[in-house]
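Numbering-wise (the working numbering), the sequence shown opens with residue 4 and increments by one.
Note that CB positions come from ideal geometry on N, CA and C, so glycine has one too.
Keep in mind it's a predicted model, so treat the numbers as computed, not measured.
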Amino acid sequence: MSITLETIVSSLDDARVSAAAGSDRFELCSALALGGLTPSLGLLQSIKQECDVPVMAMLRPREGGMCYTEKEFDVIRRDAELFIENGAEGLVFGFLHEDGRINMDRCRTLQAMAENADREIQTVFHRAFDVVVNPDESLEQLVELGITRILTSGRETTAVEGAPEIKRMVQAAGKRIQILPGGGLDKDNVAEIVAATGVDQVHLYLTKISKDTSVLENPKIYFGAHVATNESDIRVKCGDLVRSVRQTLDSI
């Protein structure tokens with residue numbers, strides 16, 4: 004069985020490293036520290052010019068929650084149009100009402116955009132699924148909409164902890180919708196999650212810490228708006244980790 008390796012990328016360098024190390028598919032987003040936000044159009048264009056790997060583009064305009072205003076959703080739709088026009092193979096989104104139910108109207112709008120494109124566009128309901136009020140009903144709703152797959156940690160902090168729920172979802176989904184486990188997976192537990200759930204694809208981050216020392220001359224300055232972190236640390240794709248996971252998956 005061939006196991007699809009999807010890696011999160013947030014820069015052209017990430018994409019180059021991941022492609023060279025054996026990634027089958029990218030989830031493209033920015034601001035991973037905030038859970039992943041909409042990437043720039045320029046980044047998508049650059050990756051499509053250099054890498055022959057399918058790109059799933061994130062549509063999330065801000066941190067905090069998945070219930071967006073009408074104006075925020077207008078921006079999401081425009082970003083989706085631009086991503087499709089510029090070569091993205093998939094759209095990643097998750098729309099909820101304030102009470103944790105799936106916003107079917109907004110999901111239907113994005114699904115229609117994908118289906119009306121002049122080529123195949125996949126759709127992914129992201130880990131907003133892990134906070135829905137009724138997961139069984141929500142899975143059936145996403146099947147009804149024609150969503151390609153669901154990204155989930157099994158409603159637990161990590162996919163390893165959520166493995167029993169992921170396995171149950173795989174069995175409930177059958178061939179109707181794909182289940183993609185993600186959240187806390189690494190080279191040491193990826194084989195475990197495949198064996199425990201029966202999935203045929205996995206979603207991993209796989210980074211290492213790099214340094215940009217240009218900000219260290221005046222360490223009292225912090226550019227973020229919230230809790231301070233080490234401003235010299237940069238998360239970059241680790242080719243050795245991607246390669247190790249690729250080898251593990253190929254050995255299953």
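Going straight from the alpha carbon of residue i to that of residue j, what length do you get?
i: Leu142; j: Glu101; result: 18 Å
i: Gln174; j: Pro138; result: 14 Å
i: Glu84; j: Cys54; result: 21 Å
i: Lys51; j: Met59; result: 11 Å
i: Ala23; j: Leu37; result: 27 Å
i: Asn221; j: Asp236; result: 15 Å
i: Asp253; j: His206; result: 15 Å
i: Glu168; j: Ile124; result: 28 Å
i: Ile87; j: Tyr225; result: 36 Å
i: Thr151; j: Ile212; result: 33 Å
i: Met172; j: Ile182; result: 7 Å
i: Ile255; j: Met61; result: 29 Å
i: Leu40; j: Pro64; result: 6 Å
i: Pro42; j: Arg19; result: 16 Å
i: Ala34; j: Pro57; result: 20 Å
i: Val239; j: Asp17; result: 6 Å
i: Ser208; j: Ser14; result: Note that residue 208 is Tyr in the sequence shown here, rather than Ser. Distance between the alpha carbons of Tyr208 and Ser14: 13 Å.
i: Leu44; j: Lys74; result: 19 Å
i: Leu46; j: Ser5; result: 29 Å
i: Phe132; j: Ile180; result: 14 Å
Give me whichever residues DSSP pairs with residue i in a beta bridge.
i: Phe96; result: Phe128
i: Val197; result: Paired residue(s): none; Val197 is not in a bridge.
i: Phe86; result: Answer by DSSP bridge pairing: none, since Phe86 is not bridged.
i: Gln181; result: Arg152
i: Met59; result: Glu30, Gly93
i: Leu204; result: What sits at residue 204 in the sequence shown is Gln, not Leu. Answer by DSSP bridge pairing, in chain order: Thr7.
i: Leu40; result: Ser33
If I'm right that residue i touches residue j with Cβ under 8 Å, what's the distance once you round it to whole angstroms?
i: Gly93; j: Val146; result: Incorrect: roughly 17 Å between the Cβ atoms, too far for contact.
i: Ala199; j: Ala166; result: 4 Å
i: Thr251; j: Val193; result: 6 Å
i: Thr7; j: Gln204; result: 4 Å
i: Val245; j: Thr10; result: 6 Å
i: Phe76; j: Arg122; result: Between Arg122 and Phe76 the Cβ distance is about 24 Å, and since that is not below 8 Å, they are no contact.
Pick out whichever of the options has its Cα sitting closest to the Cα of residue i.
i: Ile105; options: Val135, Ala91, Glu88; result: Val135
i: Gly242; options: Gly25, Met4, Gly186; result: Gly25
i: Lys190; options: Thr210, Ile182, Met172; result: Thr210
i: Val197; options: Ser13, Ile153, Lys170, Asp16; result: Lys170
i: Arg111; options: Gly97, Tyr208, Arg122, Glu164; result: Gly97
i: His129; options: Leu154, Met107, Gly149; result: Leu154
i: Ser49; options: Val12, Glu75, Lys74; result: Val12
i: Met107; options: Leu47, Gly149, Ala120; result: Gly149
i: Ser156; options: Gly187, Ser247, Gly90; result: Gly187
i: Glu195; options: Lys178, Val248, Ser21; result: Val248
i: Glu140; options: Gly103, Ala120, Gly185; result: Gly103
Quick check: the region 68-81 against the region 106-123, are there 3 or more CB pairs under 8 Å? yes
Would you check if the region 208-217 and the region 148-166 touch, i.e. whether three or more CB-CB distances between them fall below 8 Å? no
For the region 68-76 against the region 30-38, are there 3 or more C-beta pairs whose distance is under 8 Å? no
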